[in-house]
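J.:
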Amino acid sequence: MYNLLVLGISESRKAMEQMLGEALKEPERPVSIAIVDGHGLTIEFARMDNCRILPQQLAFKKAYTAAIMRSDTLAVSERFKSMGRTISEMGDPNMAAVQGGIVIQRASDGAFLGGIGVSGLAADEDEALARLGLDAMKL
Numbered sequence: 003m004y005n006l007l008v009l010g011i012s013e014s015r016k017a018m019e020q021m022l023g024e025a026l027k028e029p030e031r032p033v034s035i036a037i038v039d040g041h042g043l044t045i046e047f048a049r050m051d052n053c054r055i056l057p058q059q060l061a062f063k064k065a066y067t068a069a070i071m072r073s074d075t076l077a078v079s080e081r082f083k084s085m086g087r088t089i090s091e092m093g094d095p096n097m098a099a100v101q102g103g104i105v106i107q108r109a110s111d112g113a114f115l116g117g118i119g120v121s122g123l124a125a126d127e128d129e130a131l132a133r134l135g136l137d138a139m140k141l
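The sequence shown maps to residues 3 to 141 in this note's numbering.
#1: Over the uninterrupted beta strand (DSSP E) stretch that includes A36, give me the two end residues.
#2: Note down, in chain order, each residue of its chain lying with its Cβ closer than 7 Å to the Cβ of K16, except the 5 sequence neighbours on either side.
#3: Which two residues bound the contiguous beta strand (DSSP E) that contains Q101?
#4: Could you check whether I37 and I45 sit closer than 7 Å to each other, using their CB atoms as the reference points?
#5: Measuring CA to CA, which of E80, G112 and F62 is closest to S121?
#6: Compare the beta carbon distance of I104 and D74 with 7 Å and say whether it is the shorter of the two.
#7: Report the CB separation of A65 from G119 in whole angstroms; it is logged as a contact under 8 Å.
#8: With DSSP as the reference, identify every bridge partner of Q59, one or two as the case may be.
#9: Whose CA, out of A69, E127, K27 and V78, lies closest to the CA of V8?
#10: Skipping 5 residues on each side, what residues in its chain have a beta carbon closer than 8 Å to that of R1?
#11: Taking only three categories from DSSP, how would you classify G135?
Spelled out as structure tokens, the structure:
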């Protein structure tokens, strides 16, 4: 028998509030944010007004990839490049090896709980915003 830790809505809400609070300081630069559990299933999703469709899709794919691969998407991208391969070879159309997705892992025991994906800004800005959310979870 296994005891499965599950990311809850309260942690997710804390993260989303922190990220949206920061993102809304620049409403002319809309982002989308996705938070998924350890199976890649959506817990929360938000998009700012006037956010294009591609960032909306990518936010989920970044969060999903981080959760499923148990690694930040920048590291996933670099790993595939170093092997001379692409993420599409995995056969999962929900995966994206693009910076801006981070894994949610509890520091005390290394438990993997999910992923956060942000899209709409420069890749490093997407990741920085996701890290604000992770910090807000206080795991």
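The beta-carbon is built from N, C-alpha and C at its ideal position, and this holds for glycine as well.
T.: Considering the structure as presented:
#1: Position 34 of the sequence shown, counted from the start, is the residue given in the question as residue 36. Element bounds for A36: S34 to D39.
#2: Walking along the sequence shown from the start, residue 16 turns up at place 14. These residues qualify, in order along the chain: A138 and M139.
#3: Locating residue 101 in the sequence shown gives position 99, where the first residue counts as 1. Careful: Q101 lies outside any beta strand (DSSP E) and carries neither H nor E.
#4: The residue labelled residue 45 in the question sits at position 43 within the sequence shown. The residue labelled residue 37 in the question sits at position 35 within the sequence shown. Cβ distance < 7 Å, so I45 and I37 count as in contact.
#5: Within the sequence shown, numbered from 1, the residue matching residue 121 stands at position 119. With distances taken between Cα atoms, S121 lies closest to F62.
#6: Counting from 1 along the sequence shown, the entry for residue 104 is found at position 102. Counting from 1 along the sequence shown, the entry for residue 74 is found at position 72. In this structure, D74 lies closer than 7 Å to I104 by Cβ.
#7: In the sequence shown, residue 65 corresponds to position 63, counting from 1. In the sequence shown, residue 119 corresponds to position 117, counting from 1. Yes, they are in contact, since the Cβ atoms of A65 and G119 sit about 3 Å apart, within 8 Å.
#8: Position 57 of the sequence shown, counted from the first residue, corresponds to residue 59. None; Q59 has no bridge partner.
#9: Start at 1 with the first residue of the sequence shown, and residue 8 comes out as number 6. Nearest C-alpha to V8: A69.
#10: Lying before the first or after the last residue shown, residue 1 is absent from the chain, which here runs from 3 to 141.
#11: Residue numbering aside, residue 135 sits at position 133 when the sequence shown is read from its first letter. Of the three classes helix, strand and coil, the one that applies to G135 here is helix, per DSSP.
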